[in-house]
Structures are given as C-alpha cells and as structure tokens.
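The numbering of the sequence shown is UniProt numbering, which starts it at 1 and goes up by one.
Virtual Cβ for every residue (Gly too), placed ideally from N, Cα, C.
Okay, so here's the structure we're looking at.
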Amino acid sequence: IRAELNQDGRSNMSALWSPFESSFSQVLVLVLVLVLVLVWTLDLMRPGSVPVIHNRETELNQYLLENCPLLSEYIPPLWGRSGHVQTWVYSLIGRFGVPSPKGEEFVMHLSDGSTASFKLFSPSSLSDLTLALCPGFCNHSEQRYVRSFVHEALRQGFRCATLNLLGALPTVPLTAPRVFSYGCTLEFGSMVQTLKSRFPQTQLVLVGFSLGGNIVCKYLGEDRTHQDRVLCGLSVCQGYSASRAQESLLCWTQGRRFYNFLDIDEHYIRSEVLLLLLLLLLLLLLLILLILLILLTLLTQFYYYRRFQGYSSLKEYYETESCEHYLHNISVPLLLVNSSDDPLVPPTLLHLAKSLAESKPCVTFLLSSHGGHLGFFEGWIVPQSGSWIDRVLLQYIQALYRSLKPQCLTF
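What follows is the structure in structure tokens.
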C-alpha cells in the first residue's frame with residue numbers, strides 16, 4: 001500500500017511539474033536567443049587586435065614608438081567592441097566622472113563682424129606648452145569629452161585653450177549672418193594668433209576632434225606661416241575628404257544616413273533621441289517625420305552650406321572646405337587617429353591618411369580596431385573616467401616635447 005501511495009505521489013508531482021517544465025524550457029530558449037542576439041549586436045565575439053601604426057621609419061618616429069606604449073594597446077570595455085554602442089554612449093553621456101575645470105573666457109571680434117570666443121585653462125604648474133583645441137560639430141568648451149581632455153592636460157601641466165564653434169555656445173551672440181562651417185579656419189586662426197601674442201615664448205599643439213580635425217589640418221596646410229611655433233598637430237576621427245565623406249553619409253550602410261540626420265543638431269542627439277526611438281516603436285507616423293527631417297538635412301546643406309556661404313555647388317563647397325588638398329603642405333609632426341569601427345567614418349575614407357603617413361616622414365596614422373566615433377572608452381563594465389584617446393594624445397605630446405633636440409627632429 002505504501003509503495004502504491006509513493007508511486008501515486010510521484011505521478012501527481014510529475015503532473016504538477018510538467019507545465020512548469022515546459023514553460024521553463026521556453027523561457028530558457030528565449031533567454032538563450034536574447035543572449036545570442038546581444039552577443040551578435042555588441043560584437044562580443046569579434047577578436048580584439050592592437051592598433052595598426054602607419055608611418056615612415058625615421059629616428060623621431062622610432063623614438064615616439066618607444067616612448068608611447070599606449071600607441072600599441074587599447075582594450076575596450078566588454079560592451080565596447082561595437083562601434084555603434086561606443087558612439088551612442090559617447091553621444092548620450094559623453095565621459096564618465098568628468099570634473100569641470102575653471103577657465104577664463106576670451107571674446108574675439110573678427111574681420112567679418114563675427115564674434116567668436118574661446119576658454120583658456122591654466123594649470124597650477126606651467127610648462128611653456130599650450131594646447132589649442134578645436135571641438136567637433138556644434139561643440140564648445142563645455143562638452144564632456146572636451147572637459148575630460150582638458151582636465152588630463154592640466155594635470156600634466158599643459159595650458160589649454162578651447163574654441164567655442166561659432167553659434168554653438170548660447171551665451172555668445174551672433175553678430176554676423178553666419179555660424180561655423182566645415183572648413184572655415186577664421187575663428188580657430190584668430191584664437192591661435194591670440195595665444196601667440198599673449199604667450200610669446202610658448203609652443204603650440206593644435207588638437208582637432210572630428211570636424212575640428214579637418215579645421216586644424218586645413219589651418220596648418222593652407223599657409224606655411226601657420227606652422228610657426230607649432231610643435232605638432234593632432235587629429236581624431238575626421239574623414240579627411242569632405243566630398244567623399246558626404247557621399248558615404250548618404251548611404252544606409254552602418255546607419256550612416258541616420259547619423260547624418262542626427263548631426264544637424266548635437267543637442268538633439270543628447271536630449272531627444274531616446275524619446276524619438278521609443279516613439280518610433282509606438283507610432284508609425286514618426287517614420288514619415290524622420291524621412292522629412294532627412295530631406296531637411298539635404299535642404300540645409302544645399303541652401304546654407306552652398307548658397308549662403310557663396311559657393312556655386314555643394315561639390316565646390318566640399319572641395320574647398322576639405323583639408324585633403326592641404327595635408328601635403330604640413331611639415332610639423334602630425335598624428336592622425338581613427339577607429340576602423342567608426343560608423344561615421346568608414347574605412348574607405350582612411351586611404352588618404354594611410355598613404356599620407358607612408359609618404360611623409362612627419363605623419364603617423366594610428367588605426368584602432370575599436371573606439372567608434374570619439375568613444376574610446378576603457379574599463380570592464382562601467383567605463384573609467386577619461387578615455388584611451390586622451391591618454392594617447394597626451395603621451396604623444398609628452399614624448400615629442402621631450403625629444404626637442406636637433407638630432408631627434410631629423411626626418
């Protein structure tokens with residue numbers, strides 16, 4: 001009788017557990033599918049690799065490689081193997097744990113009636129080296145990635161000056177009928193000249209991020225006198241050829257056309273894009289709005305960047321504003337940094353930088369496998385404060401500054 005009761009009990013338990021076992025199996029399969037989708041989306045299975053360095057074998061380049069170990073190592077966070085993820089984290093959050101360095105605001109009245117400004121940051125212990133920064137699209141000195149770089153530079157004793165792109169800072173009024181453009185060097189050149197006049201003994205390092213990289217390189221190459229008292233130039237995540245970059249941004253590959261639309265307004269990316277993405281899941285009508293806004297991007301480029309700037313065509317505008325025609329005039333050390341998973345700057349745009357580094361002894365082209373567009377986060381899960389790119393640039397500057405001897409500067 002006891003055996004029969006035990007058998008009946010087991011049978012009842014099996015009957016009760018059977019539905020739960022089926023549901024548990026379904027949940028387990030669903031979790032497994034989600035994990036696989038997550039791994040595929042974040043490129044977690046993508047093998048890491050050291051950054052590739054392109055340059056000529058010279059005494060100076062050999063010295064810099066030996067004294068800049070960061071040039072040959074970058075370990076992204078676990079989730080940072082996807083360039084899209086790094087780009088979106090950078091766009092929405094910027095940097096983590098960023099302090100707010102205190103600086104002095106300077107206003108410049110330009111020849112065309114424009115009013116430009118920059119912020120000057122002075123460290124407690126000065127080395128006579130000044131870093132002149134040009135930020136990316138619609139950016140200014142208050143951006144988190146700019147503050148992160150300035151904070152690290154101040155800690156190493158460098159003076160920093162950060163340009164506020166014309167029309168990007170709400171507190172600086174527009175006094176002429178124009179804002180910043182892709183390749184106008186008037187504001188940046190005025191800041192550099194102001195720094196040279198204010199600090200007659202200083203050497204300058206010109207640093208450009210994204211669009212700012214185009215402005216820095218164009219400024220250095222359009223007039224050789226602009227290279228006087230310049231230690232080196234640094235460019236991060238620029239596309240080198242404006243016309244070819246615009247063609248790539250009109251393609252849907254890697255979502256670049258969507259990024260092109262978002263580039264209309266940096267503040268839109270930071271404050272509205274999450275709401276837009278959520279609403280797109282609920283309202284199909286917003287898809288139509290998105291298409292209209294993309295068309296608005298093209299109209300903005302056509303009417304403002306072409307006609308308002310005085311060019312006869314968009315092609316003429318991009319050809320004139322691009323730094324690609326001026327790079328060969330640069331004779332000071334130049335470090336170009338890009339990542340191969342940058343959704344805004346595809347590998348097809350990097351051939352110019354590679355060929356330039358292989359032909360000119362003063363140019364080094366550093367290409368990392370990961371980093372996205374201005375991401376370059378470090379850490380395991382939670383990103384560290386600062387970024388790899390900040391440390392790379394400052395290590396390069398320090399090594400080049402120490403090499404200021406006649407025998408080290410022969411190319």
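Buried/exposed call for residue i, threshold 16 Cβ in 10 Å
i           : result
I97         : Note on identity: in this sequence residue 97 is Gly, with Ile being the wrong assignment. It is exposed - the Cβ of G97 has fewer than 16 other Cβ atoms within 10 Å.
I215        : buried
W380        : exposed
C323        : buried
V207        : buried
K218        : buried
E187        : buried
T130        : buried
E321        : buried
T175        : exposed
V205        : buried
C362        : buried
G113        : exposed
H328        : exposed
R147        : buried
residue 412 : The displayed coordinates of the chain run from 1 to 411. Any statement about residue 412 would go beyond what the structure contains.
R224        : exposed
S235        : buried
D342        : buried
S355        : exposed
V382        : exposed
residue 445 : Outside the modelled stretch of the chain, which goes from 1 to 411, sits residue 445, for which no answer is possible.
Collapsed DSSP secondary structure at residue i in the structure displayed
i           : result
C134        : strand
F377        : coil
L166        : coil
residue 412 : Residue coverage of the chain in this structure runs from 1 to 411, which leaves residue 412 outside it and unanswerable.
A176        : coil
S72         : helix
P347        : helix
G213        : helix
F158        : coil
F149        : helix
F188        : helix
I330        : coil
N55         : coil
V50         : coil
G221        : helix
N139        : coil
K360        : coil
T171        : coil
D342        : coil
L60         : helix
A399        : helix
S241        : coil
L394        : helix
K102        : coil
S181        : coil
L78         : coil
Identified DSSP bridge partners for residue i
i    : result
M108 : A116
F96  : S385
L204 : T130 and V230
L336 : S235 and F365
F121 : C160
Through-space distance from residue j to residue i, alpha-carbon basis
i           : j    : result
T87         : C134 : 19 Å
G183        : L404 : 31 Å
W79         : V85  : 7 Å
I269        : S359 : With a pLDDT of 44 at I269, under the threshold of 50, the modelled position of that residue is not reliable, and the figure given next carries that caveat. Cα-Cα distance, rounded: 38 Å.
S141        : K119 : 7 Å
I75         : V392 : 13 Å
T185        : S124 : 30 Å
E105        : C237 : 27 Å
P173        : C138 : 15 Å
P51         : S111 : 43 Å
Y317        : S340 : 27 Å
L367        : Q398 : 20 Å
I330        : G386 : 30 Å
F199        : R81  : 43 Å
L154        : R244 : 37 Å
residue 412 : V230 : What is shown of the chain runs 1 to 411, which leaves residue 412 out entirely.
L60         : S313 : 43 Å
G94         : L65  : 29 Å
P170        : A116 : 12 Å
G72         : I53  : The residue asked about is misnamed: residue 72 is Ser in this sequence, not Gly. S72 and I53: Cα-Cα distance of roughly 8 Å.
Q156        : K315 : 43 Å
V337        : F365 : 6 Å
For residue i, the first and last residue of its enclosing beta strand (DSSP E)
i    : result
S235 : V230 to V236
L367 : V363 to S368
Residue interval of the alpha helix (DSSP H) (run including residue i)
i    : result
G83  : G83 to L92
K315 : L314 to E321
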